[in-house]
DNA sequence: CGGGTTTCTGTAAACGTTTACTGGATGAGG
DNA sequence: CCTCATCCAGTAAACGTTTACAGAAACCCG
């Protein structure tokens, strides 16, 4: 665990200058003899270049960041699964930031860009505040935001159409003859919470159904919160015949509660989730869910970032991923294998 | 996106030397006046220290690594969930390496330690080869290995008792009156595959049951492979009344196949998984599973690493996490809420 | 007010690379 | 054989910090 060899060590052993060592190691033209001596000295010493020194000089860290609220959430996991291999293939390491639903933490990550320990960042912010926008504008490294940002924000952006996603789900439930369609949301002051709430409120009238606020219940984006919210909703509105849940975790909670209450899914109550995570096919009955294209969003974000890294002066780009309804047993009662 | 301010910029603006700037920023004693001027200059300029320069000088990167085969696997996810907050609380960033079941990749990660971009590493190796051992010995930064390593290996080590875990599960199934207990394993040339295979083979005789190789089937540690393996096993041994699966994903595959074959779980076939991941409570029926303490292992590994970082000369330590059987509906038919 | 402490600040070196510049050696062409 | 171009290799500076050292300033006390 002693100090490792540096190019100076190599230079001494090979009897050349450190410049020659550097040149050989970087594949610049050198006399065959010098090259041979340097290479074998390097091999014998087990030389590995020091990344801090390299970064300091080259002004690149060969690291990229991904920041999200909570690694436990399968949505982010789906993104990471796409992002990691792309980063790796492009020669970048992945630095992970889980901000734990803490806004100050998010800002810290953005400020951290100034330390230049990463060459770029993909972030999925919970909210986009004025402070976020300031940091985006001042950032000294490229940023890709997953989630909507105001027009003109100087970052690449990947978004989905929540409105359409909710419309797909509600339309599906309606087409199945359901008329009392409950909605279980997460906190409405988050980006997805707000979008999904608004979308639900406008999807019903579009189908000729009244918007009934007592069919809406809010918890958090987790299974147990979802279960509690559904329990409240069921008590208040015992005649509901369908539930749209703002994510799959909430939908799992719904399944738990409905099962315990003796309601059959989907015969008595049809249940649909959102995000179409891996959990959807593990649940029983398998969960109908609106895919918000998490994997695609991850991939698109990584591609945008990598592209910008070798073309810094491009105009910011917006990629929109289309939601897609994945129908499974929890609404139709037929198993899709 | 232009070049950021450095301590030199600050020094000029504040009319002091760079040494004073550095001292103020590091909280070393300074005259109140100098301090005020430096701080306000730093604030006005939006100064953020350059991490490469800092690392180069201080020989620490403030980054720690976690390397595993596949981020998609919920076992590793459970570990990350524990590791990340501990690292963060100790002031370290997390660099993630998913080696994609590629051994050369694992070795690369170990070699990367020489670049000193991380101050330490937690690794969950697939196999521990001679080359691994060489790298461990030569490593210039502390390593914690999750999974067994030979006695005397100079790394901290967190392990579980697979033998006992399998014994718990088999014992449970036996106590429920099951006598034809199949075993669905992953590749036996991996660390967990080998351990679990050996453990199964010795658990049965200990209970007075014969070890019947035709009750064993091998696939991979994934759901679809598991399903295929179970299908083969069922065809060959239609009278089996219990299945032990070497991880939860395989067990999920087993549930799929059994359901499709019209076998009731647990009445006809009791199913137990291993690892007790989140999936176990999402599955239906909820999965009895042997917890190998993934979360604890993650936590223990992080603690060992952090401890070693401020006490480098300590003898290598081994922490063993006890497996624990978590009984759920897939073996007893009673739901645990 | 002088000597000795104490406290603060500046100069300069160092961390391990990369790279512009310069000079020496070699080879080609006249 | 001289000139000039070409090719390599070495010297030194630079990247942005931290820190040992030395000097300056301030203070205390007799």
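Residue numbers (the working numbering), protein chains in the order written: chain A, 1 to 337; chain B, 1 to 337.
Heads up, the beta-carbon is just placed ideally off N, CA and C, and yes, glycines get one too.
Keep in mind it's a predicted model, so treat the numbers as computed, not measured.
Pair within 8 Å by beta-carbon distance, residue i and residue j
{"i": "residue 276 of chain A", "j": "residue 327 of chain A", "result": "no"}
{"i": "residue 323 of chain A", "j": "residue 121 of chain A", "result": "no"}
{"i": "residue 52 of chain A", "j": "residue 176 of chain B", "result": "no"}
{"i": "residue 32 of chain B", "j": "residue 10 of chain B", "result": "no"}
{"i": "residue 159 of chain B", "j": "residue 199 of chain B", "result": "no"}
{"i": "residue 127 of chain A", "j": "residue 50 of chain B", "result": "no"}
{"i": "residue 187 of chain A", "j": "residue 218 of chain A", "result": "yes"}
{"i": "residue 172 of chain B", "j": "residue 331 of chain B", "result": "yes"}
{"i": "residue 230 of chain B", "j": "residue 184 of chain B", "result": "yes"}
{"i": "residue 62 of chain A", "j": "residue 119 of chain A", "result": "yes"}
{"i": "residue 321 of chain B", "j": "residue 95 of chain A", "result": "no"}
{"i": "residue 241 of chain A", "j": "residue 287 of chain A", "result": "no"}
{"i": "residue 253 of chain A", "j": "residue 297 of chain A", "result": "no"}
{"i": "residue 69 of chain A", "j": "residue 110 of chain A", "result": "no"}
{"i": "residue 201 of chain A", "j": "residue 211 of chain A", "result": "yes"}
Chain A contact for residue i (CB, 8 Å cutoff)
{"i": "residue 48 of chain B", "result": "yes"}
{"i": "residue 138 of chain B", "result": "yes"}
{"i": "residue 143 of chain B", "result": "no"}
{"i": "residue 56 of chain B", "result": "yes"}
{"i": "residue 283 of chain B", "result": "yes"}
{"i": "residue 343 of chain B", "result": "Residue 343 of chain B lies beyond the range of chain B shown here (1 to 337); nothing can be said about it."}
{"i": "residue 209 of chain B", "result": "no"}
{"i": "residue 206 of chain B", "result": "no"}
{"i": "residue 72 of chain B", "result": "yes"}
{"i": "residue 133 of chain B", "result": "no"}
Within-8 Å CB hit, residue i to chain B
{"i": "residue 4 of chain A", "result": "yes"}
{"i": "residue 35 of chain A", "result": "no"}
{"i": "residue 115 of chain A", "result": "yes"}
{"i": "residue 294 of chain A", "result": "no"}
{"i": "residue 1 of chain A", "result": "The pLDDT assigned to residue 1 of chain A is 43, lower than 50, so where the model puts this residue is not dependable; a value taken from the coordinates is nonetheless given after this. True, the Cβ-Cβ gap to chain B drops below 8 Å."}
{"i": "residue 267 of chain A", "result": "no"}
{"i": "residue 120 of chain A", "result": "no"}
{"i": "residue 94 of chain A", "result": "yes"}
{"i": "residue 12 of chain A", "result": "no"}
{"i": "residue 81 of chain A", "result": "yes"}
{"i": "residue 52 of chain A", "result": "yes"}
{"i": "residue 61 of chain A", "result": "yes"}
{"i": "residue 64 of chain A", "result": "no"}
{"i": "residue 77 of chain A", "result": "yes"}
{"i": "residue 291 of chain A", "result": "no"}
{"i": "residue 98 of chain A", "result": "yes"}
Closer than 7 Å: residue i CB and nearest the ligand GTP heavy atom
{"i": "residue 255 of chain A", "result": "Here there are no bound small molecules, and the ligand GTP is not part of this structure."}
As assigned by DSSP and simplified to three states, the class of residue i
{"i": "residue 127 of chain A", "result": "coil"}
{"i": "residue 190 of chain A", "result": "coil"}
{"i": "residue 114 of chain B", "result": "helix"}
{"i": "residue 79 of chain B", "result": "helix"}
{"i": "residue 246 of chain A", "result": "coil"}
{"i": "residue 66 of chain B", "result": "strand"}
{"i": "residue 338 of chain A", "result": "Nothing in the structure corresponds to residue 338 of chain A, since chain A is present only between 1 and 337."}
{"i": "residue 93 of chain A", "result": "strand"}
{"i": "residue 324 of chain A", "result": "strand"}
{"i": "residue 122 of chain A", "result": "strand"}
{"i": "residue 292 of chain A", "result": "coil"}
{"i": "residue 98 of chain B", "result": "strand"}
{"i": "residue 208 of chain A", "result": "coil"}
{"i": "residue 10 of chain A", "result": "helix"}
{"i": "residue 71 of chain B", "result": "coil"}
{"i": "residue 318 of chain A", "result": "strand"}
{"i": "residue 226 of chain A", "result": "helix"}
{"i": "residue 298 of chain B", "result": "helix"}
{"i": "residue 38 of chain A", "result": "helix"}
Integer Cβ distance of residue i from residue j, believed to fall under 8 Å
{"i": "residue 8 of chain A", "j": "residue 18 of chain A", "result": "6 Å"}
{"i": "residue 305 of chain A", "j": "residue 113 of chain A", "result": "Residue 305 of chain A to residue 113 of chain A, Cβ: 13 Å. No contact."}
{"i": "residue 290 of chain A", "j": "residue 165 of chain A", "result": "4 Å"}
{"i": "residue 48 of chain A", "j": "residue 91 of chain A", "result": "Incorrect: roughly 16 Å between the Cβ atoms, too far for contact."}
{"i": "residue 83 of chain B", "j": "residue 261 of chain B", "result": "Not confirmed; about 40 Å, so no contact."}
{"i": "residue 131 of chain A", "j": "residue 146 of chain A", "result": "So it is not a contact: roughly 18 Å between Cβ atoms."}
{"i": "residue 72 of chain A", "j": "residue 81 of chain B", "result": "5 Å"}
{"i": "residue 285 of chain A", "j": "residue 154 of chain A", "result": "No, residue 285 of chain A and residue 154 of chain A are not in contact; Cβ-Cβ is about 46 Å, not under 8 Å."}
(message) Please give me, in chain order, every unbroken run of the alpha helix (DSSP H) with length at least 4 that falls completely inside the region 126-179 of chain A.
(response) Runs found: 130-138, 162-175.
(request) Let me know the beta strand (DSSP E) ranges lying completely inside the region 253-279 of chain B, each 3 residues or longer, listed in chain order. (result) 270-274
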